[in-house]
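Numbering (my numbering), first residue to last: 396 to 599.
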C-alpha cells in the first residue's frame, strides 16, 4: 500500500470563504473528497455542503414560522443528492400584528413550492453547475419570489447538500473538471521503507 491509496477517499472540510477568498461566504462549509492523486496534488470532487451552526442559530428568532423542506434529486451526470432548504416568514408591509405565524395549510403549500424548485433546478444540470447555482443563493431568491402569494418569506437558503450516490469513477471527467490531462500513479512506499523511517527519525 502506498501513499496514494491512503489519500484516496479522504474527505476534507473547508470554509467556502477560504476557497473563494470572500468573507461573505464564511458561514458555508464545503466537503471535498479526494478521487485521484497526481504527484503532490490531490484532485478532489464535491462531497457535500452545510451551514455553520452559528449561522443557523442566528436565523432562528421568535414570533415567526420556520419552514423546512428537502428533496432527493438526480443530476444530469447521475449524482444522487439530497437538498435541505430552510425559510422563515416575515412581516407584511404596514403590518401591526407582532407575530408572523403561517397557517399549517400555507406551510404545506410553501414546502411544496420549495421542493419543486429544488427538484427542477437540480435535475436540469450537472453537479458542478448545481454547486455554482448554490453559492450565489439563486434558489433561495427563487423560493422567496414564488411564495410571495402564499406568505412573504425571508432568509431562504439551501442550507445543506448531501451526496447519496455517485456514478462509477471516471478519471477523464475528473481531469476535465480540474483542467488537467496527465496522471502520475507512482506513490511513495510507506510500509517497510527503511530510508523513509530514517528520514522521519532524523526530522524528529
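We put the beta carbon where it would ideally sit given N, CA and C, even for glycine.
Go ahead and label residue 491 buried or exposed: buried means 16 or more other beta carbons lie within 10 angstroms of its beta carbon, across all protein chains shown.
exposed
Residue range of the unbroken alpha helix (DSSP H) whose run includes residue 527
522–529
Taking three-plus beta-carbon pairs below 8 angstroms as touching, is the stretch 481–489 in contact with the stretch 426–443?
no
Distance between residue 555 and residue 528 (C-alpha atoms, nearest Å):
Per the coordinates, the alpha-carbon of residue 528 lies some 13 angstroms from the alpha-carbon of residue 555.
For residue 489, the three-state DSSP class (helix, strand or coil):
coil
Pair within 7 angstroms by beta-carbon distance, residue 502 and residue 538:
Contact: no.
Considering only their Cβ atoms, is the gap separating residue 477 from residue 557 smaller than 7 angstroms?
yes
Over what stretch of residues does the beta strand (DSSP E) that includes residue 443 continue unbroken?
436–446
Give the secondary structure of residue 416 by DSSP, where H, G and I count as helix, E and B as strand, and everything else as coil.
coil
So for residue 542, helix, strand or coil by DSSP?
Residue state for residue 542 is assigned as coil, using DSSP reduced to three classes.
Could you tell me the alpha carbon to alpha carbon distance between residue 408 and residue 544, rounded to whole angstroms?
39 angstroms
Measure the alpha-carbon distance for residue 423 versus residue 560 and round it to whole angstroms.
Computed Cα separation, rounded: 22 angstroms.
Given residue 412 as reference, the closest of 530, 434, 535 and 550 once Cα atoms are compared:
530
Among 498, 472 and 514, whose alpha-carbon lies nearest the alpha-carbon of residue 466?
514
Keeping to the same chain, check which residues put their C-beta closer than 7 angstroms to that of residue 546; ignore five residues upstream and five downstream.
Cβ neighbours of residue 546 within its own chain (closer than 7 angstroms, five residues either side excluded): 484, 497, 501 and 505.
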